[in-house]
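Take a look at the structure below.
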Amino acid sequence: MAEGSSAALYAQQLGSFLTLVVIQSVAMLLFKVCQVNGQYTFSPASSVALTELCKLGMAATLHQRERASSGRPYFEALSPKIVLHYLGLALLYTLNNTLSFWVLAVADPGTMSLGKSVAPYLCALLLRLSGQAMSGLQWVCIVIQCCAIAIVQYDVCKGGGVLPAKAYYLLALAVSITAVTSVWNQLIIKGFSVPVNLQNMILYTFGSLIAVVLYVQSCFDKKHPETKGFLEGYTPLAIALVIFQAFHGIAVAFVYKYADAIVKNFANSSVMAILVVVSATFFQLSTNVHSWLGVVIVLTTTYCYMNIALKIAAPPPPAETERLLEAGEAKEETRSVGDESEMAGKPLKAAG
């Protein structure tokens with residue numbers, strides 16, 4: 001029974017992982033192909049706002065269908081504490097979404113995905129600090145992956161990175177925010193008994209409000225008087241970008257529910273398998289043997305993590321280990337006392 005439950009959980013983890021990989025691959029490519037001469041035909045601020053509104057609509061629809069079938073209260077187990085958590089998350093997510101536009105203006109999609117692949121290591125550290133244990137093989141996969149990313153990003157001829165310093169500063173900020181929000185969101189989803197779609201509704205309500213306010217503020221920014229209208233310049237590709245970004249948000253929530261923040265960030269590495277090839281072919285990404293070897297190592301460690309390490313039970317945290325040891329000792333003492341009582345109650349047989 002336990003084996004069947006473990007197999008079902010792994011199937012959910014793998015399914016949510018693969019779904020996220022597909023959606024994120026398409027979304028990342030749309031970010032780049034939506035540019036015309038290095039510029040977007042629409043306002044990035046309005047795109048972020050529309051994406052948040054689209055996510056809110058999807059989450060509300062899913063939550064309404066779930067409540068209608070179960071008959072449970074609409075705002076089940078909701079509290080001010082979880083609302084405040086999501087307000088903080090919404091602020092960071094909005095900043096990170098805006099950063100994506102800035103990063104892709106100076107970097108290609110494959111490089112951005114490679115840079116964000118460092119996030120699993122940061123997530124692992126944060127999760128370890130929060131009390132989540134991991135097996136040794138999981139740590140090995142994460143460390144090897146980070147080394148592989150460094151190989152891909154280091155240009156031997158230049159003695160430095162393959163991109164301008166500005167791109168790495170933006171990537172570092174984006175990766176840090178990604179790690180913090182990933183772990184924070186996972187802890188909220190798994191730490192509260194609030195339905196995941198209701199949690200998404202709260203997050204996207206704040207996200208929509210913040211994004212709309214930022215767009216309105218940009219309209220009055222004298223440094224950028226050419227700000228486009230809210231719906232101006234949206235081609236079919238730009239509309240597709242909004243839709244896939246919305247699907248991406250929903251898919252991430254289910255990865256947090258069935259897996260964890262590390263699996264979510266390993267999905268970024270798998271996306272690279274598609275994006276590096278496409279970037280080298282269509283976006284003039286300069287590659288070399290080091291780059292491709294790094295790509296192979298990243299993909300190999302991702303496979304190892306998802307198909308081997310994830311199935312290995314992590315050691316319990318120290319507090320849990322101590323509790324189990326105490327329980328085992330108590331059980332042994334009880335068994336010893338029982339054996340002694342049983343022996344005392346038996347009459348001795350006469351010899352001969």
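The UniProt record's numbering applies: residue 1 is where the sequence shown begins, and numbers increase by one.
Built from N, CA and C at the ideal position, the CB exists for glycine as well.
Note that the structure is a prediction, hence the values are computed from the model and not measured.
Throw me the rounded Cβ distance for the Lys-228 and Phe-42 pair, which I believe falls under 8 Å.
As a first step, residue 228 must be located in the sequence shown, where it is residue number 228. As a first step, residue 42 must be located in the sequence shown, where it is residue number 42. Confirmed, about 6 Å.
Leaving out five residues before and five after Ile-312 in sequence, what residues of the same chain have Cβ atoms less than 8 Å from its Cβ?
Position 312 of the sequence shown, counting from 1, holds the residue named residue 312. Result list for Ile-312: Ser-135, Leu-137, Gln-138, in chain order.
Pop quiz: Lys-166 and Val-212 are said to be a contact at Cβ under 8 Å. What is the actual Cβ separation, rounded to whole angstroms?
If you number the sequence shown from 1, residue 166 lands on position 166. If you number the sequence shown from 1, residue 212 lands on position 212. Not quite, the Cβ-Cβ distance comes to about 28 Å (not below 8 Å), so this is no contact.
What would DSSP say about Gln-284, mapped onto helix, strand or coil?
As a first step, residue 284 must be located in the sequence shown, where it is residue number 284. Gln-284: coil per DSSP, three-state reduction.
Excluding five sequence neighbours on each side, which residues of the same chain lie with their C-beta closer than 7 Å to the C-beta of residue 365?
Any property of residue 365 remains undetermined from this structure, which presents the chain solely from 1 to 352.
Measuring only the C-alpha atoms, how far is Thr-94 from Leu-126?
The residue given as residue 94 occupies position 94 in the sequence shown. The residue given as residue 126 occupies position 126 in the sequence shown. Rounded to whole angstroms, Thr-94 to Leu-126 spans 21 Å at the Cα level.
Name the DSSP beta bridge partners of Gln-217, please?
In the sequence shown, counting from the first residue as 1, residue 217 sits at position 217. Partner(s): none; Gln-217 has no beta bridge.
Please classify Tyr-40: does DSSP put it in a helix, a strand, or coil?
Position 40 of the sequence shown, counting from 1, holds the residue named residue 40. Of the three classes helix, strand and coil, the one that applies to Tyr-40 here is strand, per DSSP.
Reducing DSSP to helix, strand and coil, say where Gln-35 ends up.
Here residue 35 corresponds to residue number 35 of the sequence shown, with the count starting at 1. In this structure, Gln-35 counts as strand in the three-state DSSP scheme.
Applying the 10 Å Cβ sphere with the 16-neighbour rule, what's the burial state of Gly-207?
Taking the first residue of the sequence shown as position 1, residue 207 is located at position 207. Its Cβ being crowded by 16 or more others within 10 Å, Gly-207 is buried.
Let me know the secondary structure DSSP gives Ser-5 once reduced to three states.
What you label residue 5 is simply residue 5 of the sequence shown in a count that begins at 1. Ser-5 falls in the helix class under three-state DSSP.
Using only alpha-carbon positions, find the residue among Ser-79, Tyr-169, Pro-80, Ile-177 that is nearest to Cys-123.
Stepping through the sequence shown from its first residue, residue 123 is reached at position 123. Answer by Cα proximity: Ile-177.
Would you call the CB atoms of Ala-253 and Val-196 closer than 8 Å?
For the purposes of this step, residue 253 is taken as residue 253 along the sequence shown, with counting starting at 1. For the purposes of this step, residue 196 is taken as residue 196 along the sequence shown, with counting starting at 1. The answer is yes: Cβ separation under 8 Å.
Give the range of the alpha helix (DSSP H) segment to which Leu-170 is assigned.
Along the sequence shown, read from residue 1 onward, the residue named residue 170 stands at position 170. From DSSP, the alpha helix (DSSP H) with Leu-170 extends over 165-191.
Helix, strand or coil, according to DSSP, for Arg-128 in the structure here?
Counting from one through the sequence shown, the residue named residue 128 turns up at place 128. Residue state, collapsed to three classes: helix.
Could you check if Asn-37 is buried or exposed, using at least 16 other CB atoms within 10 Å of its CB as the buried criterion?
Taking the first residue of the sequence shown as position 1, residue 37 is located at position 37. Answer is exposed; the Cβ neighbour count stays below 16.
Report the rounded CA-to-CA distance for Asn-96 versus Ala-174, giving the unit in angstroms.
Taking the first residue of the sequence shown as position 1, residue 96 is located at position 96. Taking the first residue of the sequence shown as position 1, residue 174 is located at position 174. Cα-Cα distance, rounded: 6 Å.
By Cβ distance below 7 Å, which residues in the same chain neighbour Arg-67 in space, the five residues on each side in sequence not counted?
Here residue 67 refers to the residue found at position 67 of the sequence shown. Correct list, in chain order: Tyr-74.
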